[in-house]
Structure formats: C-alpha cells, structure tokens
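Structure first, commentary second.
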C-alpha cells in the first residue's frame, strides 16, 4: 500500500510505459521502501473509480491550477481530488519560490547578452526549465545551477 495518499513523484518513461517510484509499505511491517509503479498497467477497479489520480506538473503554473481550483463548475466531477490539487498548488508555489534566485540570474544573463525580446524572456526561461527537467527526470533547478556549467 502507498505510504501517503498524495505524493509528488517524478514520472519517467520505460519503453512504452509510464512509471513512477512511490514510497510504499507492507501490511506486515512498518518498513517503508520505494517501489516502481507502472501507471500504464493501471486498470480501473469496481471498488473505487477514483483510486489513481495524477497531475502532470511539468508545465502547469500556479496561477492555472489556482484558477481551476476556484472554478466549481469545472471541477464538480473531481471533488475527490480537490485536496490533491491544493497540495499540488502548494508544491508548485514552493518550487517556484526556491527557483526565484536562479530565474533572476537567468533573466539577467539574457538581458546582459541581449538575447530574446525583453517581454518574452520569462516565457523563454520557463520553457528552458521545463526542457531541462524533462531531460533530467525532474531534478531541481538548484541542481542544474550548482554544476560547473550552470
């Protein structure tokens, strides 16, 4: 069984399948361990059709998720997930806050090099971060900037 009802995890492709590493524990012991879960093999069960919820957060912005959370008309079929969406929103906000010094450095580097249009630099930085994370399985921006090349 899963260790937590809601947990941000990094999805990765393994062949044609989409997998995640989730923290789980056995019923017989209290020992936690990581387990690869193949999301592509998920089958709906008759017990509960809302067992597996996921939200791909690689390109979503806090403002977009907040907009969705506050639109009751759009989420009426997803009440089971509202706590999950709010947890995801807090996760995205914290991540963005941690990234802010690096985003400012990148923005200054673009300005110093006169790269891109000033009003589009923020979007360019967003796309670069998304591409870097996709290539590095969700690693933090701090990890990218702490390398010799960063």
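Numbering (the numbering used here), first residue to last: 6 to 155. Where a beta carbon is used, it is the ideal one built from N, C-alpha and C, also for glycine. Source: prediction; values computed, not measured.
Which of helix, strand or coil does DSSP assign to residue 23? Within the chain shown, residue 23 is the residue found at index 18, counting from 1. Residue state, collapsed to three classes: strand.
Only counting runs of 4 or more residues, tell me where the alpha helix (DSSP H) segments fall wholly within the region 105-144, in order along the chain. 126-140
Quick check on DSSP: helix, strand or coil for residue 98? As a working note, residue 98 is residue 93 in the chain shown. DSSP places residue 98 in helix when its eight states are reduced to three.
What are the boundary residues of the beta strand (DSSP E) that residue 41 is part of? To locate residue 41, count along the chain shown from 1; it is residue 36. Run containing residue 41: 37-43, per the beta strand (DSSP E) assignment.
Residue interval of the alpha helix (DSSP H) (run including residue 11): As a working note, residue 11 is residue 6 in the chain shown. From DSSP, residue 11 is part of no alpha helix (DSSP H); its letter is neither H nor E.
Look at the alpha carbon of residue 115 and the alpha carbon of residue 104, and state the distance between them as a whole number of angstroms. Counting from 1 along the chain shown, the entry for residue 115 is found at position 110. Counting from 1 along the chain shown, the entry for residue 104 is found at position 99. Their backbone Cα atoms lie some 16 angstroms apart in a straight line.
For residue 119, which residues in the same chain have their Cβ closer than 6 angstroms to its Cβ, ignoring the five residues on either side in sequence? In the chain shown, counting from the first residue as 1, residue 119 sits at position 114. For residue 119, there are no CB contacts under 6 angstroms within the same chain when 5 residues up- and downstream are skipped.
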